[in-house]
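One rule links them: number in the numbering used here = place in the sequence shown (from 1) + 19.
The C-beta atom is built at its ideal place from N, Cα and C for all residues, glycine as well.
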Amino acid sequence: MKTKPIIGDGTLAALVPFVLITSCFALWGFANDITNPMVKAFSKIFRMSVTEGALVQVAFYGGYFAMAFPAAMFIRRYSYKAGVMLGLGLYALGALMFFPAKLTGSYYPFLMAYFILTCGLSFLETSSNPYILSMGDESTATRRLNLAQAFNPIGSLMGMYVAMNFIQNRLNPMDTAERAQLSAEDFAAVRDADLETLIAPYLIIGLVIAAVLLLIYFTRMPHNNDQSHNMDLKPTLKRIFAIPRYREGVVAQFFYVGAQIMCWTFIIQYGTRLFMSGGMEEQAAEVLSQKYNIIAMGIFCASRFICTFLLRYLNPGLLLRTLAIVAGVFTIGVITLQNIYGMYCLVGISACMSLMFPTIYGIALQGLGDDAKFGAAGLIMAILGGSVLPPLQASIIDMGTVLGMPAVNVSFLLPLICFIVVTVYGHRAYRRFSY
């Protein structure tokens, strides 16, 4: 029996658009993971609490939430290609807005820049994920999306590398306590120098995104039965939310994204506490924690390719359930261990998370046809979990100590709850749904 090609009809004409859209997965991965360490960076630069610094994630993932359904309506009216292009345009605009934000010397213009940038990412993800699903036979759709998503952590790795080497390592080495003692004039001088360092990578990526936008504009892209339609928003939403695997998939995606962002953002706080307790200086502890974060992303990236291969032989729901259980076990280790083994467990969680986003996405959108455009919007709105849950974890971390334990350890109870929700979804997908 002849095996169906995973991408279109297997020709070069089908491959080139797939490669271009897949490159967008790497580009939004870069944006996500250059941003996670910025919670700590902004907290230090502006002398704020962890909770105030976590507003970066509120603005970042709030943009995903705000633009998901407008993006779906746009691509339903026009096309996936138009949605990708508008997303890239907003992404570039938000990144370039870091320059005027720096000139103000204030924190909140940066939040606006992040919000505009992620409005673009919302358009980009709402368009690209279902576009990839449509680029071939439906029987290979989940594998195809996992393959495209495998390039997302490659961009994430680059974002982490840039954050560590071109931002964290180049910020003024004064720790938080020393900055608190500065006069207003000295503080302003240190702040402005640090902001100059921070904005440079964003300005460069803004120019790169503009170049990719032009490349896609001049490339012939497949329509894949992608035609203009009336909005029909209310009946479409009623229709898709009546499907259990979709409705429950939105909930699972909310909690998964929250867990992912918490594990990748607060590994900096977790490692900083751990390494400073051993006598390390704060900046050195932060940089070493980011190195562990890069290792975690490398494992995530390798695991994504491995899981894509395993999906040829294993039920997606079964594999999702299994990895969510293992992630929960690792998270218990993160909470209970107060030594380097807790950090190892936190790194290990990334191996389990690699499968989760695209598999939940693929299961939830199975069989939706053209309704996948609005279905994709609901799943992108679920990224709001990355905006809602990290500030809750940050508020726990700011307590310092909880029940005689470091608050940063206790705070990982929130990701544990998230992995329990994903486990239930994977179990129900395996037992009740066919795909």
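A Cβ-Cβ distance of about 11 Å is found for the pair Ala396 and Leu384, leaving them out of contact under the 8 Å criterion. Annotated as proximal: Pro409 and Ile280, with beta-carbon spacing under 8 Å. Shown here, Met131 sits in a helix according to DSSP, grouped into three states. With a cutoff of 8 Å on beta-carbon distance, Met240 and Lys63 are scored as not near each other. A check of alpha carbon separations from Met316 across Pro36, Ile26, Ile40 and Phe49 identifies Phe49 as the nearest.
When beta bridges are read from the DSSP output, Met424 appears opposite Val421. Judged by their CB atoms, Ile379 and Tyr83 are not nearer to each other than the 8 Å cut-off.
The alpha helix (DSSP H) runs of length 4 or more contained entirely in the stretch 25 to 62 are, from start to end of the chain, 31 to 54.
Here Ile416 is actually not in contact with Phe274; their C-beta atoms are around 19 Å apart, not less than 8 Å. Taken in chain order, no unbroken stretch of beta strand (DSSP E) lies wholly in the stretch 98 to 157 with a span of 3 residues or more. Under the DSSP assignment, Ala196 falls in the alpha helix (DSSP H) whose first and last residues are Thr195 to Ala199.
Annotation for Ala207: Gly124 place their beta carbon closer than 8 Å to its own, counting only its chain and skipping 5 residues before and after.
Straight-line spacing of the CA atoms in Cys43 and Gly298 works out to 42 Å.
The shortest C-alpha to C-alpha distance from Leu176 to any of Ser369, Gly419 and Gly445 is the one to Ser369. Taking 4 residues as the minimum length, the alpha helix (DSSP H) runs contained wholly in the stretch 337 to 420 are 359 to 372, 375 to 384, 391 to 400 and 404 to 416, in order along the chain. In the structure shown, Tyr221 adopts helical secondary structure according to DSSP, grouped into three states. By the neighbour-count criterion, in which a residue is buried when 16 or more other Cβ atoms sit within 10 angstroms of its Cβ, Gln200 is exposed.
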